[in-house]
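Q:
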Amino acid sequence: MLTDHEATAVLDLITRRGWAVVATPDGNVHGTSPDGRIYLAWLPEDPSAWSRGIIWDLHVRPEHGPGWRQEFGPDTPSTAVAAFLAALLAPVA
Numbered sequence: 001m002l003t004d005h006e007a008t009a010v011l012d013l014i015t016r017r018g019w020a021v022v023a024t025p026d027g028n029v030h031g032t033s034p035d036g037r038i039y040l041a042w043l044p045e046d047p048s049a050w051s052r053g054i055i056w057d058l059h060v061r062p063e064h065g066p067g068w069r070q071e072f073g074p075d076t077p078s079t080a081v082a083a084f085l086a087a088l089l090a091p092v093a
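Going by UniProt numbering, the sequence shown wraps up at 93, each residue one higher than the last.
#1: In whole angstroms, what is the alpha-carbon distance linking residue 94 and ARG37?
#2: Rounded to whole angstroms, what's the CA-CA distance from ALA80 to ASP26? Just pull it up for me.
#3: Given a cut-off of 7 angstroms on the beta-carbon distance, is the pair SER51 and ALA7 in contact?
#4: Quick one: what does DSSP say VAL92 is sitting in, helix, strand or coil?
#5: What residues in its chain sit with their C-beta under 6 angstroms from that of TYR39, if we drop five residues either side in the sequence?
#6: With a CB to CB cut of under 8 angstroms and the five nearest residues on each side skipped, what residues in its chain are close to VAL92?
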């Protein structure tokens, strides 16, 4: 996988899943799952994200147990982030 520096794979996935998606005037994108338990940000234009070495910021609040966070750096392909998110959203058998 090559780094792609774009968000299409992830944004297409969350849009198909009915997430609320908001693009800011400065070029960042924020999405919230329909149940409000997952928040995802794509932050290509956020200096505070740059200082932390991230471009993707994911927050999860499970129904039971503590919440958690996963960050992905700018060299992580959006297809890898989309695969991670798809696995997270997959029904548990």
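The C-beta atom is built at its ideal place from N, Cα and C for all residues, glycine as well.
A: The answer reads as follows:
#1: Residue 94 falls outside the range modelled here, since the chain spans only 1 to 93, and no answer is possible.
#2: 24 angstroms
#3: The answer is no: Cβ separation not under 7 angstroms.
#4: coil
#5: THR32 and HIS59
#6: none
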